[in-house]
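Worksheet for the structure shown next.
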Amino acid sequence: MKKAVVSILLIGTMLVSTTSAVQANEYKLDIEKVAIESVANSQFIRSYNRQVDLVKKNSADAGAMVNQAKQALIFFNSYELVKVVVLTPQMMENMMTQVTNGQAVVTNAVRLSAYSEYINLLKADYALNTQADLMNSLYEDYKKARLQQEQGSITEYELRLAEIAYEQARYNYLSAQNGRESAVMGINNMMGEDISKKYAALQDNNIVPSLQVKTLGEYTDLALANRVEIINKQNTLDLKKQQYLYDRAGMPTELDVQQQEYEIENLENELALARIDVQQNISELYTGLESAMKKLEAMKYLAKQAEENYAAAQTSYENSLISLNDLNNTKIAKAQADINLKDAELDTWLVQTTMGMACNAGYMPTILQ
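With mature numbering (1 follows the signal peptide of the UniProt record, and there is no 0) applied, the sequence shown covers -24 to -1, 1 to 345.
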């Protein structure tokens, strides 16, 4: 009987542990989870996916028509039938490529938006934790200052300065708390979750900016080779040129030839403009990337300097060389420098990630128009 009771208790403990582990995992959040669930919940992507399904259906219908044309060639060796058999599959393949490329772009757009929201949440969370530590520390200093004022070792004015420092830190903490709550609600809305859902832990293990970046030329070459707007226009131009060759073999009128040559010239111009637009986009992003990297280096220097200043101030305060207010000023400056550094790290990572998307399919749905 005792063994049975022990077994039941053991099973119960295991179930509770498993449930706790599942719940703990459920209330953890990381950047990829936010991106994946935002993509799954996006009405924009769902709408585009319906377009992809429609093109797939049209492609299947066109395939059936081509098969019928192939059968007809046995009895009617028509030039028009040959065009249908040869060109229709290529046209449908081009259309399918266009929409699947577009699918990649709109997905990237939603992912990048999710990344940006999560970065904002991490900023707010770090600021909240830093302000909480600062507020608690300044409150302890304020309590010490009250005792010192009662003992007559500091003036009432100095006590008031300690109180003001604490109250300002408390105000900043509450502001950071509101910022974090707003960021959480925004992310919940993107993911299709209850906006009141809370998270016990925010993971940022993979959000580390790279110390090395490529040159502008290297980024540009990658983008010119991979961007959807260039690939789509190049494929359409190649198909139009092939159609032109088949039509020339069918003895078209001079007007038809001129019309097709005009269309080819327009497509060549559109392709050239698309390449220029991509180059400009990469150049602008590179300027932002350089700025972010320089700012990150500056914030690293300032954070280190603030830490050294605070350490020196602690020593000076312990030796009665500076006032409590002077010490608190360096403490506050260190906290703000830490927040600024974290913001710069997260901003740099986001700019680098944006550049990565810009050098692949792209992330701006407007280019599909």
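Note that the Cβ used here is the ideal one computed from N, Cα and C, for glycine as well.
What you are looking at is a predicted structure, and each value in this text was computed from that prediction instead of being measured.
Use the C-beta contact count for residue i: other C-beta atoms within 10 angstroms, 16 or more gives buried, fewer gives exposed.
i	result
T329	buried
D170	exposed
G78	buried
S172	exposed
G128	exposed
I163	buried
L221	exposed
E194	exposed
A11	buried
M227	exposed
A85	buried
R224	exposed
V184	exposed
G168	exposed
A288	exposed
A152	buried
I252	exposed
Give me whichever residues DSSP pairs with residue i in a beta bridge.
i	result
K4	A177
Based on Cα-Cα distance, which residue from the options lies nearest to residue i?
i	options	result
A103	G155, G162, E13, E283	G155
N336	Y195, R203, E283	R203
F20	V75, S35, V82	V82
L322	S296, E273, K280	E273
L278	L303, A309, D302	A309
K271	V327, N96, E237, T212	V327
G91	M111, T324, I7	Reading off the sequence shown, one finds Tyr at residue 91, where the question assumed Gly. Nearest C-alpha to Y91: I7.
A250	A201, T324, L123	A201
N70	S158, K209, R224	K209
E263	K217, V233, K190, Y238	The amino acid occupying residue 263 in the given sequence is Thr; Glu does not appear at that position. Here the closest residue by C-alpha is K190.
D302	Q290, Q312, A311	Q290
A176	V184, M167, V160	V160
I206	S299, Q218, L247	L247
A282	N316, M269, Q256, S299	N316
L137	S158, D117, Y147, L150	D117
Let's see if you can read the secondary structure: which residues bound the alpha helix (DSSP H) around residue i?
i	result
N164	132 to 167
M189	Note that residue 189 is Val in the sequence shown here, rather than Met. First-last for V189: undefined, no H or E at that position.
T324	300 to 334
Helix, strand or coil for residue i per DSSP?
i	result
Y339	coil
R203	coil
T212	helix
V184	coil
A264	As written in the sequence, residue 264 is Gly, which differs from the Ala given in the question. It is helical.
I171	coil
N295	coil
A227	Contrary to the premise, residue 227 reads as Met rather than Ala in this sequence. Coil at M227, not helix or strand.
G128	coil
S18	coil
Q(-2)	Legend: pLDDT at Q(-2) = 45, less than 50; position of this residue unreliable, value from coordinates given subsequently. If DSSP states are grouped into helix, strand and coil, Q(-2) belongs with the helices.
Could you tell me whether any non-hydrogen atom of the ligand FMN is closer than 8 Å to the CB of residue i?
i	result
R22	No copy of the ligand FMN appears in this structure; indeed no ligand is present at all.
Consider the Cβ of residue i: report whether some Cβ of chain C lies at a distance smaller than 9 Å.
i	result
V86	This model lacks chain C altogether; it includes just one protein chain.
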